[in-house]
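Chemist: Order-wise, the sequence lines are chains A and B.
If you read the first sequence in the working numbering, its first letter stands for residue 1, the second for the next number, and so on.
If you read the second sequence in the working numbering, its first letter stands for residue 1, the second for the next number, and so on.
By construction, the Cβ of each residue, glycine as well, lies at the ideal position given by its N, Cα and C atoms.
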Amino acid sequence: MVKTIERAGFPIVHMCNLIPVATTVGANRMVPTISIPYPLGNPEDAPEEQYKLRYHRVGVALDALATEIEEQTVFPVKI
Amino acid sequence: MTKKVICYLNQFFGGIGGEDTADYEPSIQEGVAGPAAAINEGLVDAEVTHTIICGDNFMGSNTEDAIARILEMLEGKEMDLFIAGPAFQAGRYGVACGNICKAVKEKFGVEVMSSMHCENPGVEMFKKDVYIMDGANAAARMRKDVKNMVAFANKLLSGEALMGAAAEGYFPRGCRKEVFLEDKHENTAAYRGVQMLIKRIKGEPFQTELVIPEKDLVPIAEPVADLSKARIAIVTTGGIVPVDNPDRIQSASATRWGRYNIAGLDKLPNRWDGGHKVIHAGYDPAAGDNDPNITVPVDALRQYEKEGKIGKLDDYYYTTVGTGTTESEATRMASEMIPHFIEDGVDAVIMTST
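Following this line, the structure appears as structure tokens:
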């Protein structure tokens with residue numbers, strides 16, 4: 001789906017856990033998430049902690065959308 | 001008891017005529033015609049009882065009608081196998097063979113098969129539904145193609161165990177069949193894996209057991225010029241939907257997707273507040289039901305919108321379920337979403353997956 005949307009000209013970033021799969025399939029901009037059942041917020045953590053992580057990683061994703069890249073790129077996250 | 005086989009040929013191989021008779025309407029005759037004779041010669045404990053002939057143009061331009069008529073001709077006939085072609089590289093013929101085989105299989109539940117060259121469009125269109133032997137590109141190779149077809153036909157008729165596409169000589173249908181090997185050390189995956197690795201290290205040829213399809217890279221889209229003016233939309237394959245799942249999106253092998261209004265929401269309300277829930281059957285829904293924002297991050301994006309980092313969080317989020325969903329369905333769904341992005345002035349997309 002990422003590729004179909006990108007082919008239509010929309011910059012798109014794929015936030016997912018299985019980065020090697022996304023890379024193999026051919027996504028261009030990728031940001032890792034923390035797991036499969038809870039991509040952006042671990043239910044074991046306090047809600048504020050979860051939100052901090054989500055806010056950070058979504059921020060990385062937004063920056064990825066605005067970043068020029070030459071090849072498939074996984075954008076690093078800090079938390 | 002002798003098994004019964006029915007063959008399908010186009011107007012040329014059926015001996016009716018050339019292009020000038022491509023509109024030949026379907027007919028059925030007892031016995032053989034054209035290559036059906038050679039097929040008959042090679043069959044073991046089976047015979048070709050009837051041969052159907054149909055013009056490639058007639059089938060191409062009146063597919064439904066042609067199929068309906070042929071199915072009616074087959075009604076009540078004893079049939080253990082239906083063979084169409086060989087079609088070589090003839091596009092109309094290959095597509096005709098694929099169409100009629102698929103229809104016969106669906107209507108009568110009998111095994112069907114054909115043969116075509118890899119470039120024949122019929123292969124891509126029908127290899128998933130029909131056994132298509134990997135054939136030559138010209139009728140000059142008729143003898144070889146018929147020989148291969150007959151060998152496979154005999155296996156299908158006798159019920160002999162099939163050894164997979166590569167061994168049998170048909171185009172892979174995309175089906176995986178689990179086979180249990182004799183329980184000995186050399187058959188274990190560990191042994192096979194290490195043997196493969198040793199060959200690879202030595203630079204010797206080896207055959208992978210799982211072929212990874214070639215990468216199909218998409219040209220990198222230009223980055224957003226000014227994020228602070230951009231409209232961002234969320235798409236997810238995590239199967240987050242409004243609690244009543246109004247579009248009845250399937251929990252697996254989805255063919256439907258939804259577009260749901262989030263205008264004015266600071267965050268997605270959860271399942272227990274009558275908001276949104278997880279319908280995806282591939283992962284534990286507990287976390288997502290409790291806080292769907294962990295998969296569809298409306299809260300974070302709304303915050304960025306307020307801060308001015310992005311121009312606007314789009315009024316809709318787009319969703320479907322990723323588990324078991326085929327590539328072709330997913331591609332179709334994405335292409336159906338695109339006109340909405342265009343109409344709504346979406347500049348960029350964040351897609352989340354689980």
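Please determine, among B:Tyr-24, B:Asp-20, B:Cys-7 and B:Asp-45, the residue with the shortest C-alpha to C-alpha distance to Ala-37 of chain B.
Modeler: B:Cys-7
Chemist: Based on the DSSP secondary-structure assignment, which residues constitute the bridge partners of Arg-29 of chain A?
Modeler: A:Val-13 and A:Thr-73
Chemist: Out of curiosity, what's the CA-to-CA distance linking Ala-103 of chain B and Ala-165 of chain B?
Modeler: 22 Å
Chemist: Taking beta-carbon pairs under 8 Å, can you tell me which members of the segment 285 to 299 of chain B lie near chain A?
Modeler: Pro-285, Ala-286, Ala-287, Gly-288, Asn-290, Asp-291, Asn-293, Ile-294, Thr-295, Pro-297 and Asp-299
Chemist: Using a C-beta to C-beta distance shorter than 7 Å, which residues of chain B count as neighbours of Val-2 of chain A?
Modeler: Met-351
Chemist: At 7 Å on the CB atoms, spell out the chain B contacts of Phe-75 of chain A, in chain order.
Modeler: Against chain B, a Cβ distance below 7 Å from Phe-75 of chain A picks out nothing, because the smallest value is about 12 Å.
Chemist: Run down chain B in chain order and give the residues with a C-beta less than 9 Å from the C-beta of Glu-6 of chain A.
Modeler: What Glu-6 of chain A touches in chain B: Val-218, Pro-219, Ile-220, Ala-221 and Val-349.
Chemist: Excluding the 5 residues preceding and the 5 following Ile-100 of chain B in the sequence, name in chain order all residues of the same chain whose CB lies nearer than 7 Å to its CB.
Modeler: Tyr-8, Ile-67, Ile-70 and Ala-84
Chemist: Would you tell me roughly how many angstroms separate the C-alpha atoms of Gly-238 of chain B and Thr-325 of chain B, rounded to the nearest one?
Modeler: 12 Å
Chemist: Ala-46 of chain B and Val-112 of chain B look like a contact to me (Cβ under 8 Å); what is the Cβ gap, rounded to whole Å?
Modeler: A Cβ-Cβ distance of about 15 Å is found for the pair Ala-46 of chain B and Val-112 of chain B, leaving them out of contact under the 8 Å criterion.
Chemist: Under a CB-based cut-off of 8 Å, is Ala-46 of chain A close to chain B?
Modeler: no
Chemist: Report yes or no: is there a C-beta of chain A within less than 8 Å of the C-beta of Ala-330 of chain B?
Modeler: yes
Chemist: Under 9 Å Cβ-Cβ, which residues of chain A neighbour Leu-301 of chain B?
Modeler: Val-58 and Leu-62
Chemist: Please list, in chain order, all residues of the same chain as Asp-289 of chain B whose beta carbon is under 7 Å from its beta carbon, the five residues on each side excluded.
Modeler: Asn-270, Arg-271, Lys-277 and Val-278
Chemist: Tell me which same chain residues have a C-beta within less than 8 Å of the C-beta of Lys-52 of chain A, skipping the five on either side of it?
Modeler: Ile-79
Chemist: Can you give, in chain order, each stretch of the alpha helix (DSSP H) that sits fully within the segment 251 to 308 of chain B and has at least 4 residues?
Modeler: 286 to 290 and 298 to 307
Chemist: Between the segment 43 to 62 of chain B and the segment 83 to 97 of chain B, are three or more C-beta pairs nearer than 8 Å?
Modeler: yes
Chemist: Out of curiosity, what's the CA-to-CA distance linking Lys-229 of chain B and Lys-309 of chain B?
Modeler: 8 Å
Chemist: What residues are listed by DSSP as bridge partners for His-378 of chain B?
Modeler: Nothing can be reported for residue 378 of chain B: it is not among the residues displayed for chain B, which extend from 1 to 354.
Chemist: Any idea if Thr-295 of chain B is buried or exposed, counting beta-carbon neighbours within 10 angstroms, 16 or more meaning buried?
Modeler: buried
Chemist: Can you name the residues that DSSP bridges to Val-349 of chain B?
Modeler: A:Ile-12 and B:Ala-233
Chemist: Name the DSSP beta bridge partners of Ala-46 of chain B, please?
Modeler: B:Lys-3
Chemist: Evaluate the contact criterion for the segment 195 to 207 of chain B versus the segment 130 to 150 of chain B: three or more CB pairs, one atom per stretch, below 8 Å.
Modeler: no
Chemist: Just the chain A side, please: which residues come within less than 9 Å of Leu-227 of chain B by C-beta, in chain order?
Modeler: Leu-62, Asp-63, Leu-65 and Ala-66
Chemist: Just list the residues that DSSP pairs Cys-54 of chain B with in beta bridges.
Modeler: B:Asn-10
Chemist: Kindly indicate the opening and closing residues of the alpha helix (DSSP H) around Thr-331 of chain B.
Modeler: 327 to 344
Chemist: Between Ile-69 of chain A and chain B, is the shortest Cβ-Cβ distance under 8 Å, so that the two count as touching?
Modeler: yes
Chemist: Checking contacts by CB at 8 Å: is Pro-37 of chain A closer than that to chain B?
Modeler: Chain B, which has a Cβ nearer than 8 Å to the Cβ of Pro-37 of chain A, makes this yes.
Chemist: Name the chain B residues that come within less than 9 Å of Ile-12 of chain A, Cβ to Cβ?
Modeler: Ala-221, Val-235, Ala-348, Val-349, Ile-350 and Met-351
Chemist: What whole-angstrom Cβ distance do Met-30 of chain A and Ile-12 of chain A have, given they're in contact under 8 Å?
Modeler: That pair is no contact at about 10 Å.
Chemist: Report the three-state DSSP secondary structure of Val-385 of chain B (helix, strand or coil).
Modeler: The requested residue 385 of chain B is not part of the displayed model; chain B covers only 1 to 354.
Chemist: Straight-line CA distance for Pro-219 of chain B to Ile-69 of chain A?
Modeler: 11 Å
Chemist: Could you tell me the distance, in whole angstroms, from the CA atom of Val-74 of chain A to the CA atom of Thr-33 of chain A?
Modeler: 11 Å
Chemist: Could you tell me which residues DSSP pairs with Pro-242 of chain B in its beta bridges?
Modeler: B:His-276
Chemist: May I ask you to report which of helix, strand or coil DSSP gives Ser-158 of chain B?
Modeler: Three-state result, Ser-158 of chain B: helix.
Chemist: Answer yes or no: do Val-321 of chain B and Ala-254 of chain B have a C-beta to C-beta separation smaller than 8 Å?
Modeler: yes
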